[in-house]
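These notes are about the structure you will find just below.
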Amino acid sequence: MMVERPATWTRQGGELPKRDRASALMRGACHRCPTCGKGALYRAYLKTVDACSACGEPLHHHRADDAPPYFTIAIVGKIIVPLVLLVEQSYKPDLWLQAAVWPLLAVILTLVTLPLVKGALVGYQWALYMHGFDPRSGGDESWDGVGFQSWRDGP
Ligand SMILES: [Zn+2]
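For the sequence shown, counting from 1, position 122 maps to 220 in our numbering; every step adds exactly one.
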């Protein structure tokens, strides 16, 4: 027997209009609101705005948590390590020069990549109606140390 799945899975079951994940990812990565692409996503370096200034979409209930640093480390490592090996093999620069350049490059690359990755993850969460982005959750995704309120309340 075939079980028909809703277009978008939600904890409560029902169907919500499908959101374009790719454009939400790209808008978030460009530091823009995943909904409209016009309003700013951040009010500070990594602090998201509570709501979009252009369309009013609430953005405060994202839960990017530790994912942006995790992906940023993976991305920066996959760029820096091959570069270090390539430069060492090809040019064999002095150790003092490498000790000065590589950490600085890693820090700069991390500072540039981190908000990009966090924005993309917030956009992805929005596109999947995760956490408070699900309009039926009532925006109540408060964590009290035991679990989310909506988990205990059930559908
Ligand atoms: Zn917006």
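Don't be surprised by glycine CBs; every beta carbon is placed ideally from N, CA and C.
Just so it is clear, the structure is predicted and the values come from calculations on it, not from any experiment.
Range covered by the alpha helix (DSSP H) that runs through L123: Within the sequence shown, residue 123 is the residue found at index 25, counting from 1. Run containing L123: R119 to A127, per the alpha helix (DSSP H) assignment.
Cβ-based neighbour list, H160, same chain, cut-off 7 angstroms, excluding 5 preceding and 5 following: As a working note, residue 160 is residue 62 in the sequence shown. Taken in chain order, the residues that qualify are T146, V220, Q223 and H229.
G137 Cβ short of 7 angstroms to ligand 1 heavy atom set: Along the sequence shown, read from residue 1 onward, the residue named residue 137 stands at position 39. True, at least one ligand heavy atom lies under 7 angstroms from that Cβ.
For W200 and I178, the rounded distance between their alpha carbons: For the purposes of this step, residue 178 is identified with residue 80 of the sequence shown, where counting begins at 1. For the purposes of this step, residue 200 is identified with residue 102 of the sequence shown, where counting begins at 1. Going by the C-alpha atoms only, they are around 7 angstroms apart.
Under the three-state DSSP convention, the category D242 falls into: Counted from its first residue, the sequence shown places residue 242 at position 144. Note that D242 scores a pLDDT of 49, beneath 50, so its modelled location is shaky and nothing firm can be said.
C-alpha distance - E113 paired with P213, whole-angstrom precision: As a first step, residue 113 is located in the sequence shown; it is residue number 15 there, counting from the start. As a first step, residue 213 is located in the sequence shown; it is residue number 115 there, counting from the start. Approximately 31 angstroms between the Cα atoms of the pair.
Endpoints, alpha helix (DSSP H) assigned at E186: If you number the sequence shown from 1, residue 186 lands on position 88. Looking at the DSSP string, the run of the alpha helix (DSSP H) that includes E186 is A165 to Y189.
At least 3 beta-carbon pairs within less than 8 angstroms: the stretch 172 to 191 vs the stretch 148 to 156: no
Given R119 as reference, the closest of L226, P233 and F231 once Cα atoms are compared: Along the sequence shown, one-based indexing puts residue 119 at 21. Among L226, P233 and F231, the Cα nearest to that of R119 belongs to L226.
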